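The structure appears right after this line, and notes come after that.
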Amino acid sequence: MNLHLGYPRFVLGFFLLFSLLAFWGCESGPSDSETGNTEEAFYPIDFCIVTGNDFDEEGSGMIPYTHVHEGITIKFCCKPCLPKFNKDPEKYLVILDEEIEALKKESVSDG
93 MNLHLGYPRF VLGFFLLFSL LAFWGCESGP SDSETGNTEE AFYPIDFCIV TGNDFDEEGS
153 GMIPYTHVHE GITIKFCCKP CLPKFNKDPE KYLVILDEEI EALKKESVSD G
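Residue 93 is where the sequence shown starts when you use the numbering used here, and the numbers rise one by one after that.
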């Protein structure tokens, strides 16, 4: 029996399947929204607080995902960022708060 040749093929096949599923998760499907509003609402920052990806990055193909966490609307670059956020929401909420505070300071100095 030659099991040696089947094992690398299995590992390669598993890796390819996993890669395709991960890639598909960030780039396909309709945009889910916890708010149910089809009109895009104002969001103060222009990047994902989990990955740092810009929302308007050309050619990314990512579909932004909006989630409401304890009354705070949070926009991610894609739906797979939600589980990462849910593992440690405070870590990411600090980033959001810092960015919003910086924008407030910037608008006060401009105005």
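Cβ atoms here follow ideal geometry from the backbone N, Cα and C, with glycine treated the same way.
Just so it is clear, the structure is predicted and the values come from calculations on it, not from any experiment.
Buried/exposed call for residue i, threshold 16 Cβ in 10 Å
i: Tyr-135; result: exposed
i: Thr-130; result: Because the pLDDT of Thr-130 is 46, which lies under 50, any placement of that residue in the model is unreliable, and the number read from its coordinates should be weighed accordingly. The residue in question, Thr-130, is exposed, as its Cβ has fewer than 16 Cβ neighbours within 10 Å.
Whole-angstrom C-beta distance between residue j and residue i, which should lie under 8 Å
i: Tyr-157; j: Lys-171; result: 4 Å
i: Ile-141; j: Ile-164; result: Not really, about 11 Å apart at Cβ, beyond 8 Å.
Of the listed residues the options, nearest to residue i (C-alpha basis)
i: Ser-154; options: Thr-143, Ile-137, Ala-133 and Glu-162; result: One detail in the question is off: residue 154 reads as Met in this sequence, not Ser. Ranking the options by Cα distance to Met-154, first place goes to Thr-143.
i: His-159; options: Glu-191, Leu-185 and Val-200; result: Leu-185
i: Glu-150; options: Glu-190, Ser-199, Cys-169 and Cys-173; result: Cys-169
i: Glu-182; options: His-161, Lys-197 and Ser-199; result: His-161
i: Cys-173; options: Asn-145, Glu-193 and Ala-133; result: Asn-145
i: Asp-138; options: Lys-176, Pro-175, Leu-195 and Phe-177; result: Leu-195
Mind pulling the alpha helix (DSSP H) runs of 4 or more residues that sit fully within the stretch 179 to 203? Correct list: 181 to 202.
My parser needs the alpha helix (DSSP H) runs of 4 or more residues fully inside the stretch 131 to 182; what are they? Correct list: 173 to 179.
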